[in-house]
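Residue numbers (our numbering), protein chains in the order written: chain A, 471 to 884; chain B, 971 to 1268; chain C, 152 to 506.
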């Protein structure tokens, strides 16, 4: 009966696990709980494994300075593996634990959970992904993109192309290379609207997921279409394949801009290193680079504990995005604590706190955000960084061009 | 509206051939396992990824490329032996679907282990070859792809010889045909199973190094495994030459679809057109182009 | 169930074929029913009910896939695609015609059944693993179509909001209400499957699985029955898709991709091919395993890995545990959890006189 014995053992392990969970400690007295979802194992692992540690580092930093008026931040993180059922489970669990606010991870997950957010009234951020129309705080009262949506990113990319091509796009050819899924197609309405307004020629090149091989698209772009500028909206492995391929085909990389998920250090490394990617432009919603005071503070915090800064900090793009997310959360909680008069805030007060965020820049890492009850995007600012001499160098200031076109799209979206 | 353009088509075809041979490199490992052990390996992509992780980790320790490659090959052979012993041997004689499921479980284990052991970040494999494309007339070929295609063709020749002429190869074919009969003929079935997995380890190691050099190494590398299915099914699951021909067909069809079909339908067709072609071929030849027809009896 | 067989005498074929061959089994089912219909929704917290809900949805899908894979022997890696067909059909009906759930659900199922039948046509010629990959092709083609045909997908986002269903004017909003809604369909699916597999059609399925040539010789039209199997299985998948989009409030094809198809295949195989109870076990096992292993690691991970970054270790170790347990169960009992359960039951049935 060894088989039986073994299976009994397994069963026992399962039961113990259940008990272990039952003994899970409830939230401490002066603690504010934030529920974060993350992807450390799934399709977007390379982003998640840098972004989420950054958020934890920021909470640690705030707590090491005494928290917010003595309130400690606890960021509960659950890995959803970029799967929807896991995201539901994580959401319900964090709701149960009493999370005051949440951060989701992944567009399908955001789409799937939106109905629940409204029902449970939990303010939730979805920075840089999710539903562009969620910038409208009236229609999506509990969803906060807090960073440039895909629409704002598309507008920013077109403006950058316009600047690079001498200030006018009339008669120019722009190639839009996109990941062929809903997230990849999202900026298209903006690009098409701007095409009419600015009079450029637009051709789209679809990259079916997972996009590990782009030979045909690159040939099509460089040998047949000959565009003046390329806007790349790619995910996962495909950005680096594109950079490498365009470089091999002799296309000038300074005429290429990647939207936010095609713009990390990992993409540059996988493409063959900084020398290969020299000139490539990246769109960012959080400042890239190491020269921000908050990064210094985190390094100092680690040093005080006698530790080296974590290797995630080598990354300055995705890590800084994690800092932005956590910092905006903490800022919202700070505002909420003012509203509640030092009591533990309600989720409704956190929502109001979120809607009061303005002129919060974290030493330049965060754009001049201005979140209001109607604008949950906070202005939709982006900044372009170019690859020059082994690092990201700022090409523009924070911009949010063609705001009327974007806002019009937000207004007319159904 | 796309019109025919000779120069452009030649570029597409060349790229298709190169990338097709790169697909074949991964498909070969898959076919090898099926041919010798009758098992469908859904973890082929993870094998390739794991090999890439080993090689990249070694290169990060400043070992020379050839040594890193050797360690990766050695590691994958060891992994092949170990998996055969722990996972697949107990499943000998079990239904095919149980083996399929076990390899799906294996895929999850490999993905988790790779990150735990090597970290989740992206790392690079730098081959000691020039970066500049090789000019062949008007066509520019990326050197990585040339190496990959070469390795692929080398394996094609090697394995064809191996299965046709060598004693071990013939024994493996016998085992694949019927494990019982092979056993009755005095063939050590377990030993040849272990051999097959070890050989698949070698192929995966080279696949991992070449693809890793092309894409960079992280968990995304496993996704190339998805490309294998139309390749092996088109060519026939138990045919070495089928893997290469299937790879070529898929590579060329993908490129032509992307070049001429995408602008028409306004979407990326190159992933599903090979599958569509595969179904059509299967309706005519249910065992793929080179697959061996199995005679069924009651 | 927990019972002993001695003292039970069957005097007719009808009683031998009965759903509950033993009186005790019937009582056990009643007790289970009371537990699941009264105790669970009234006493469990919202979080636990939400986990049960995920299991319930998975059970319906696993039952359907088991009809195809377990009973008829046609391996399919396309379950997710049929779910999305069902989900989008229902979502379009609900948004454009605002039909109630009792029309949307069967309509989603029927549309999936129709598509499933078309996908099943190659099964006439293609067998085994070749067929499995052909269904994978169907998965990709259906995904692509939904992604690119706007009147199906409802726009660039390819997601259509689906309001929660209402019964007698009451909108089901809480986890508990939706639990009862889902439970009703799970029971329906269980009863339907149990009856299907002991019917003429079910026996034909089993004959095809065991030896399709022999089945043909004894006069079974194998093409017809294979198509039946695809249609019925896809109907279940379609209904699963509708249930899931009601539960989530959205129809979105990205939640029904290949990994979902593989998860469902895992449920069926780990649970036990050709077993209704096995489908239930498998669905619960595959849904709960990642959740329970996380609880476990959160509870004990700190003991095992004092210095490592737990947040990074947990998800990856969870993957290893998930894959490892799948392999473990297959090696211990290739015929699945259902067989394991039967072994345990048989052991206790004659216990303590195990000779």
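In this text, a Cβ means the ideal position worked out from N, Cα and C, and glycines have one as well. All of these numbers come straight from a predicted model, not from anything done at the bench.
- By how many angstroms is the C-alpha of residue 1166(B) removed from the C-alpha of residue 1006(B)? For the purposes of this step, residue 1006(B) is taken as the residue at position 36 of the second chain. For the purposes of this step, residue 1166(B) is taken as the residue at position 196 of the second chain. Cα to Cα, residue 1006(B) sits roughly 6 Å from residue 1166(B).
- Message: For a quick check, are the C-beta atoms of residue 417(C) and residue 1075(B) less than 9 Å apart?
- Response: The residue you call residue 417(C) lines up with position 266 of the third chain. The residue you call residue 1075(B) lines up with position 105 of the second chain. Yes. Within cutoff.
- Message: Whole angstroms are fine: how far does the CA of residue 201(C) sit from the CA of residue 493(A)?
- Response: In the first chain, counting from the first residue as 1, residue 493(A) sits at position 23. In the third chain, counting from the first residue as 1, residue 201(C) sits at position 50. Confidence is the limiting factor: at residue 493(A) the pLDDT is only 43, short of 50, which leaves the residue's position unreliable, though a coordinate-based value still follows. One C-alpha to the other measures close to 20 Å.
- Query: Does any CB atom of chain C fall closer than 9 Å to the CB of residue 551(A)?
  - Reply: The residue you call residue 551(A) lines up with position 81 of the first chain. Yes, residue 551(A) counts as interfacial toward chain C.
- Message: Taking the alpha carbon of residue 681(A) as the reference point, which residue from 1239(B), 1235(B), 1219(B) has its own alpha carbon closest?
- Response: Stepping through the first chain from its first residue, residue 681(A) is reached at position 211. When only C-alpha atoms are compared, the closest one is 1239(B).
- Query: For the segment 189 to 204 of chain C, which residues have a CB atom closer than 8 Å to at least one CB atom of chain A, in sequence order?
  - Reply: 196, 197, 198, 201, 202
- Query: Residue range of the beta strand (DSSP E) that residue 673(A) falls in?
  - Reply: In the first chain, the residue the question calls residue 673(A) occupies position 203. Segment 671 to 677, the beta strand (DSSP E) holding residue 673(A).
- Query: residue 1118(B): which of 1267(B), 1180(B), 1073(B) sits nearest, CA to CA?
  - Reply: Translated into positions along the second chain, residue 1118(B) becomes position 148. Per the Cα distances, 1180(B).
- Query: Does the distance from the C-beta atom of residue 533(A) to that of residue 542(A) stay below 9 Å?
  - Reply: By one-based count along the first chain, residue 533(A) stands at place 63. By one-based count along the first chain, residue 542(A) stands at place 72. Their beta carbons are under 9 Å apart, which means residue 533(A) touches residue 542(A) by this criterion.
- Span separating the alpha-carbon of residue 162(C) from that of residue 483(C): Within the third chain, numbered from 1, the residue matching residue 162(C) stands at position 11. Within the third chain, numbered from 1, the residue matching residue 483(C) stands at position 332. Cα to Cα, residue 162(C) sits roughly 37 Å from residue 483(C).
- CB contact below 9 Å: residue 1092(B) versus chain C: Taking the second chain and counting its residues from 1, the one referred to as residue 1092(B) is at position 122. Not flagged as an interface residue toward chain C: residue 1092(B), since no C-beta distance is shorter than 9 Å.
- Message: Checking 9 Å against the spacing of the C-beta atoms, do residue 1043(B) and residue 1140(B) come in under that value?
- Response: As a first step, residue 1043(B) is located in the second chain; it is residue number 73 there, counting from the start. As a first step, residue 1140(B) is located in the second chain; it is residue number 170 there, counting from the start. Their beta carbons are not under 9 Å apart, which means residue 1043(B) does not touch residue 1140(B) by this criterion.
- Query: Hey, is residue 372(C)'s beta-carbon within less than 9 Å of any beta-carbon in chain B?
  - Reply: In the third chain, residue 372(C) corresponds to position 221, counting from 1. Output row for residue 372(C): interface = no.
- Which class does residue 567(A) belong to by DSSP, given the choice of helix, strand or coil? If you number the first chain from 1, residue 567(A) lands on position 97. Three-state DSSP puts residue 567(A) in a helix.
- Message: Quick check on the burial criterion: 16 or more other C-beta atoms within 10 angstroms. Buried or exposed for residue 997(B)?
- Response: Here residue 997(B) is taken as the residue at index 27 of the second chain, counted from 1. Residue 997(B) is buried by the Cβ-count criterion.
- What residues in the segment 678 to 709 of chain A have a beta carbon less than 7 Å from any beta carbon of chain B? 678, 680, 682, 683, 685, 686, 687, 689, 690, 693, 694, 706, 707
- Item | Selected residue, minimal CA-CA separation from residue 192(C), among 263(C), 329(C), 286(C), 250(C) | Reading the third chain from its first residue, position 41 is the one you call residue 192(C). Comparing alpha-carbon positions, the option among 263(C), 329(C), 286(C), 250(C) lying closest to residue 192(C) turns out to be 329(C).
- Item | Whole alpha helix (DSSP H) elements within the segment 251 to 289 of chain C, 4-residue minimum | 252 to 271
- Is residue 613(A) helix, strand or coil when you go by DSSP? The residue given as residue 613(A) occupies position 143 in the first chain. Strand.
- Item | Nearest-angstrom Cα separation, counted from residue 1013(B) out to residue 409(C) | Indexing the third chain from 1 puts residue 409(C) at position 258. Indexing the second chain from 1 puts residue 1013(B) at position 43. In a straight line, the C-alpha of residue 409(C) is about 14 Å away from that of residue 1013(B).
- Task: Starting from residue 212(C), find everything on chain A with Cβ-Cβ shorter than 9 Å and list it in chain order.
- Result: To locate residue 212(C), count along the third chain from 1; it is residue 61. The premise fails here: residue 212(C) is roughly 11 Å from chain A at the closest Cβ pair, so nothing lies under 9 Å.
- Message: Considering just the uninterrupted stretch of the alpha helix (DSSP H) at residue 386(C), what are its terminal residues?
- Response: What you label residue 386(C) is simply residue 235 of the third chain in a count that begins at 1. Element bounds for residue 386(C): 373 to 399.
- Kindly say whether residue 1257(B), judged by its beta-carbon, lies nearer than 9 Å to any beta-carbon of chain C. Position 287 of the second chain, counting from 1, holds the residue named residue 1257(B). Chain C contact via Cβ: present.
- If we cut at 9 Å on Cβ distances, does residue 609(A) have a partner in chain C? The residue you call residue 609(A) lines up with position 139 of the first chain. Closer than 9 Å: no.
- What do you reckon, is the C-beta of residue 270(C) under 8 Å from a heavy atom of the ligand GTP? Judged by which ligands are present, the structure shown has none, so any question about the ligand GTP falls away.
- Message: Among 426(C), 415(C), 444(C), 441(C), whose alpha-carbon lies nearest the alpha-carbon of residue 434(C)?
- Response: Against the third chain, residue 434(C) aligns to sequence position 283. Taking only the C-alpha atoms, the option nearest residue 434(C) is 415(C).
- Task: Go ahead and label residue 579(A) buried or exposed: buried means 16 or more other beta carbons lie within 10 angstroms of its beta carbon, across all protein chains shown.
- Result: Position 109 of the first chain holds residue 579(A). Per the 10 Å Cβ criterion, buried.
- Task: With a 10 Å radius around its C-beta and 16 neighbouring C-beta atoms as the bar for buried, classify residue 1202(B) as buried or exposed.
- Result: Translated into the one-based positions of the second chain, residue 1202(B) becomes position 232. The residue is buried, with at least 16 neighbouring Cβ atoms inside 10 Å.
- residue 491(A) (DSSP reduced to helix, strand or coil): Counted from its first residue, the first chain places residue 491(A) at position 21. Summary for residue 491(A): the model assigns pLDDT 49, below 50, so the residue's position carries little reliability; its value from the coordinates is reported in the next sentence. DSSP places residue 491(A) in helix when its eight states are reduced to three.
- Query: Would residue 247(C) be called buried (16 or more neighbouring beta carbons within 10 Å of its own) or exposed?
  - Reply: If you number the third chain from 1, residue 247(C) lands on position 96. Flag for residue 247(C) reads exposed.
- So what does residue 311(C) bridge to, in DSSP terms? Here residue 311(C) refers to the residue found at position 160 of the third chain. Partner(s): 402(C).
- Query: So, using beta-carbon positions, are residue 712(A) and residue 730(A) closer together than 9 Å?
  - Reply: In the first chain, counting from the first residue as 1, residue 712(A) sits at position 242. In the first chain, counting from the first residue as 1, residue 730(A) sits at position 260. Going by C-beta atoms, residue 712(A) is not nearer than 9 Å to residue 730(A).
- For residue 573(A), three-class secondary structure by DSSP: Against the first chain, residue 573(A) aligns to sequence position 103. Of the three classes helix, strand and coil, the one that applies to residue 573(A) here is strand, per DSSP.
- Task: Give the DSSP-derived three-state secondary structure of residue 1111(B) in the structure shown.
- Result: Within the second chain, numbered from 1, the residue matching residue 1111(B) stands at position 141. Looking at residue 1111(B) - three-state DSSP - the assignment turns out to be strand.
- For residue 486(C), return the contacting residues in chain A, with the cut-off set at a CB-CB distance below 9 Å. For this step, residue 486(C) is matched to residue 335 along the third chain. Those within 9 Å of residue 486(C) in chain A number zero; the least Cβ separation is about 12 Å.
- Query: Taking the C-alpha atoms as reference points, what is the distance between residue 811(A) and residue 1192(B)?
  - Reply: The residue given as residue 811(A) occupies position 341 in the first chain. The residue given as residue 1192(B) occupies position 222 in the second chain. Between residue 811(A) and residue 1192(B), the C-alpha separation is close to 52 Å.
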